[in-house]
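See structure below.
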Amino acid sequence: MRTILPAAFGIVLFAFLALTGGALSPVDRDIVLWWAAWRAGAPHGTEALVVFTQLGSAPFLLTVTLLGALWVARRDGWREGLLLAGTVVAGRLVEEGLKLIFARPRPGFDAHPVMVHSNSFPSAHAANSMVTLLALALWLVPERWRRQSVVAAVTLSVMIGSTRPMLGVHWPSDVLAGWLFGIGWVAAAWALRTRGRSAA
1 MRTILPAAFG IVLFAFLALT GGALSPVDRD IVLWWAAWRA GAPHGTEALV
51 VFTQLGSAPF LLTVTLLGAL WVARRDGWRE GLLLAGTVVA GRLVEEGLKL
101 IFARPRPGFD AHPVMVHSNS FPSAHAANSM VTLLALALWL VPERWRRQSV
151 VAAVTLSVMI GSTRPMLGVH WPSDVLAGWL FGIGWVAAAW ALRTRGRSAA
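First residue of the sequence shown? That's 1 in full-length UniProt numbering, and the numbers climb one at a time after it.
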């Protein structure tokens, strides 16, 4: 029951964001328009956001995943390393599938300062940074520091995901849904991993 209720709440909230967010949402529109106006008067701030948002890009996240998986494999065996890498890669694939299913258009109020090609919901930067950083925090960090590492991972993912509406390439609801997906995906993977080890 302790795990069923949070999971059910997360699924309901994800569905709510999918059905009510985007161009039809006054909240989403107002936030993206506010940041568009801010960018028009803050070119240096926009440049800083463009640099920082790259921490959520596929090249960066997949590189740190590979390095983390190799470290875990050397320390704990190849099974653990593959579990870490598989959690991240499978999460990315599912997230891309969700984009195809929901097919939400991105905001189009002004020219995007970063190049984007895919649909909007959920945000890949938010989802994939949460999946990658949380997985690394759980698999890489010793148990005595795990709580602090999880807090740091969530905080960094929130910072990365927040750049997307600020840059005008995502609706805020896309980003919230991405974070929800990332947390749920890694929580499920970690629970299955822990249950498997207990059974063994």
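Don't be surprised by glycine CBs; every beta carbon is placed ideally from N, CA and C.
* Cβ of F181 within 8 Å of Cβ of E95? -> By one-based count along the sequence shown, residue 181 stands at place 181. By one-based count along the sequence shown, residue 95 stands at place 95. Their beta carbons are under 8 Å apart, which means F181 touches E95 by this criterion.
* To do: Flag this pair as yes or no: are the beta carbons of G86 and L136 separated by less than 8 Å?
  => Counting from 1 along the sequence shown, the entry for residue 86 is found at position 86. Counting from 1 along the sequence shown, the entry for residue 136 is found at position 136. For G86 and L136, no; Cβs fall outside 8 Å.
* To do: Report the three-state DSSP secondary structure of A23 (helix, strand or coil).
  => Taking the first residue of the sequence shown as position 1, residue 23 is located at position 23. Correct three-state label for A23: coil.
* To do: Go ahead and pull the three-state DSSP assignment for W171.
  => On the sequence shown, position 171 is the one that residue 171 refers to. It is coil, neither helix nor strand.
* Minimum length 4: unbroken alpha helix (DSSP H) runs contained in the segment 77–137 -> 78–102
* Drop a sphere of 10 angstroms on the beta-carbon of G178, count the other beta-carbons inside from all chains shown, and report buried for 16 or more, exposed for fewer. => In the sequence shown, residue 178 corresponds to position 178, counting from 1. Per the 10 Å Cβ criterion, buried.
* To do: Within 10 angstroms of the Cβ of L19, are there 16 or more other Cβ atoms? Answer buried if so, exposed if not.
  => Translated into the one-based positions of the sequence shown, residue 19 becomes position 19. When all chains shown are included, L19 counts as exposed.
* List the endpoints of the continuous alpha helix (DSSP H) containing V51. => Taking the sequence shown and counting its residues from 1, the one referred to as residue 51 is at position 51. Looking at the DSSP string, the run of the alpha helix (DSSP H) that includes V51 is P43 to F52.
* Distance CB(S123)-CB(D174) smaller than 8 Å -> If you number the sequence shown from 1, residue 123 lands on position 123. If you number the sequence shown from 1, residue 174 lands on position 174. Closer than 8 Å, so yes.
* **Limits of the alpha helix (DSSP H) - the one that T155 falls within** => In the sequence shown, residue 155 corresponds to position 155, counting from 1. First-last of the alpha helix (DSSP H) with T155: R146 to M166.
* Asked: Should W78 be labelled buried (16 or more other beta-carbon atoms within 10 Å of its own) or exposed?
  -> Locating residue 78 in the sequence shown gives position 78, where the first residue counts as 1. By the neighbour-count rule (16 or more Cβ atoms within 10 Å), W78 is not buried but exposed.
* Let me know the secondary structure DSSP gives V141 once reduced to three states. => The residue given as residue 141 occupies position 141 in the sequence shown. Coil, per DSSP.
* Hey, how far is the Cα of A153 from the Cα of P107? -> For the purposes of this step, residue 153 is identified with residue 153 of the sequence shown, where counting begins at 1. For the purposes of this step, residue 107 is identified with residue 107 of the sequence shown, where counting begins at 1. Cα to Cα, the separation comes out at about 27 Å.
* Asked: Are at least three pairs of beta-carbons, each pair with one atom in the segment 185–192 and one in the segment 19–30, less than 8 Å apart?
  -> no
* Buried versus exposed call for R92 [16 or more other C-beta atoms within 10 Å across all chains shown] -> In the sequence shown, the residue the question calls residue 92 occupies position 92. With 16 or more other Cβ atoms within 10 Å, it is buried.
* Residues in its own chain within less than 7 Å of V88 by CB, not counting five upstream and five downstream? -> Indexing the sequence shown from 1 puts residue 88 at position 88. Contacts found: T65, V131, T132 and A135.
* State the DSSP-derived secondary structure class of T3, mapped to helix, strand or coil. => Position 3 of the sequence shown holds residue 3. Of the three classes helix, strand and coil, the one that applies to T3 here is coil, per DSSP.
* **Short Cβ contact (8 Å threshold) for S120 with H170** => Here residue 120 is taken as the residue at index 120 of the sequence shown, counted from 1. Here residue 170 is taken as the residue at index 170 of the sequence shown, counted from 1. In contact: S120 and H170 (Cβ atoms closer than 8 Å).
* Asked: Cβ of R168 within 8 Å of Cβ of H125?
  -> Residue numbering aside, residue 168 sits at position 168 when the sequence shown is read from its first letter. Residue numbering aside, residue 125 sits at position 125 when the sequence shown is read from its first letter. First, the residue type needs correcting, since residue 168 is Gly and not Arg in the sequence shown. It is not a contact, given that the beta carbons lie outside the stated cut-off.
* Cβ atoms of T53 and T163: under 8 Å apart, would you say? -> The count along the sequence shown starts at 1 and reaches residue 163 at position 163. The count along the sequence shown starts at 1 and reaches residue 53 at position 53. Yes, they are a contact pair.
* Straight-line CA distance for V27 to A48? -> Residue 27 sits at position 27 when you count from the first residue of the sequence shown. Residue 48 sits at position 48 when you count from the first residue of the sequence shown. Those two C-alpha atoms are separated by around 25 Å.
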